[in-house]
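The opening residue of the sequence shown carries number 427 in the numbering used here; numbering runs sequentially from there.
Glycine residues also receive a C-beta, built at the ideal position from the N, C-alpha and C atoms.
Scroll down for the structure; my scribbles are underneath it.
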Amino acid sequence: MNVLTIKEVSARTSLSARTIYRMIDKGTIGLDDTFLVGNIRKKRVITEQWVEDFINKHRRYN
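Take a look at the structure:
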């Protein structure tokens with residue numbers, strides 16, 4: 427399973443990091459799609475599958 431950091435997710439989806447953290451707090455991004463990684467300094471990561479699904483769901487056609 428591939429995971430992406432908040433910064434990488436922000437770059438791919440054009441959402442701000444603050445919006446992504448709000449989505450995690452509200453439950454839009456579920457606990458099965460986000461993890462804390464690291465021993466001392468915990469880093470929040472999100473699965474790449476969730477990001478791809480989000481992009482496909484919200485894709486705009488011009």
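Thinking just about the alpha-carbon of each residue, which of 482, 465, 470 is nearest to the one in residue 430?
-> 470
Look up residue 467 in the DSSP assignment and say whether it is helix, strand or coil.
-> coil
Could you tell me how far apart the beta carbons of residue 481 and residue 439 are, in whole angstroms, since I believe they sit closer than 8 Å?
-> The Cβ separation is near 6 Å, so the contact holds.
Other residues of its chain near residue 459: CB distance less than 7 Å, five sequence neighbours each side excluded | 472, 473, 476
Output the distance between the C-alpha atoms of residue 454 and residue 468, rounded to the nearest integer angstrom.
-> 21 Å
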